[in-house]
Amino acid sequence: MSDALHVVLDETAMVSAGYGNVLASRLIQRAHTGPGHFLYAPACALVEADRARPGTAEHIAALPAVTIVELDLAAALAVARDTGWAPAHVRYAAEPAPERPEGAVIATAAPDRWAGQPVRLLDLRP
20 MSDALHVVLD
30 ETAMVSAGYG
40 NVLASRLIQR
50 AHTGPGHFLY
60 APACALVEAD
70 RARPGTAEHI
80 AALPAVTIVE
90 LDLAAALAVA
100 RDTGWAPAHV
110 RYAAEPAPER
120 PEGAVIATAA
130 PDRWAGQPVR
140 LLDLRP
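What follows is the structure in structure tokens.
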């Protein structure tokens, strides 16, 4: 088991960061300064975050500690099997991958939206 912490931001986490959520800000700061902390922003969630709060996508994309997860073919196929683009892309990005064998935790300000899904969550609500 790795000591690395991989966190995927859902659209609610991104919007919360834009509003100055302390927990989201700490995650970003840790990823920027601490080794072994990695943040991911799926492109579909960036779109939804920007729709909810214009300017959020540019803000998140400008953060050097955040890796944008593109909608490649494998992600597009996963999204196509679901009803919502953003949650499907977030869930796909949190699945195990060579760079994160144990998968990633999903940071969210709306944990109820993930109820009943096989994901690990980090609740950003104050």
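Quick note on numbering: my numbering labels position 69 of the sequence shown as 88, and the sequence is numbered without any gaps. We put the beta carbon where it would ideally sit given N, CA and C, even for glycine. Quantities reported herein were computed from a predicted structural model and do not represent experimental measurements.
Considering L143, what are the terminal residues of the alpha helix (DSSP H) in which it resides? Note, L143: premise wrong, no alpha helix (DSSP H); not H, not E.
Three-state class that DSSP yields for A116 in the structure shown: If DSSP states are grouped into helix, strand and coil, A116 belongs with the strands.
Return the chain-ordered list of same chain residues with a C-beta closer than 6 Å to the C-beta of A112, the five sequence neighbours on each side being excluded. Closer than 6 Å at the Cβ level, and outside the excluded window around A112, lie V27, Y59, P61, V88.
Take the Cβ of E67 as the centre, count every other Cβ of all protein chains shown within 10 Å, and call the residue buried at 16 or more, exposed below. Flag for E67 reads buried.
Which same chain residues, not among the five before or five after V85, have their C-beta less than 8 Å away from its C-beta? The residues are L28, I47, A50, L58, Y59, A60, I79.
Distance CB(A32)-CB(S44) smaller than 8 Å: Cβ atoms of A32 and S44: not closer than 8 Å.
Could you tell me whether any non-hydrogen atom of the ligand NAP is closer than 7 Å to the CB of Y38? For the structure depicted, the ligand NAP is absent and the ligand set is empty, with no information on it obtainable.
Work out the CA separation of T52 and R110 for me, nearest whole Å. The C-alpha of R110 lies about 26 Å from the C-alpha of T52.
Where the alpha helix (DSSP H) through T102 begins and ends: For T102, there is no enclosing alpha helix (DSSP H), since its DSSP letter is neither H nor E.
Thinking just about the alpha-carbon of each residue, which of P145, R144, A107, P117 is nearest to the one in V138? Of the candidates P145, R144, A107, P117, the one whose C-alpha sits nearest the C-alpha of V138 is A107.
Cα-Cα separation between L140 and A126, rounded to whole angstroms: Here the alpha carbons of A126 and L140 stand approximately 6 Å from one another.
Please list, in chain order, all residues of the same chain as W104 whose beta carbon is under 6 Å from its beta carbon, the five residues on each side excluded. Contacts found: C63, V98.
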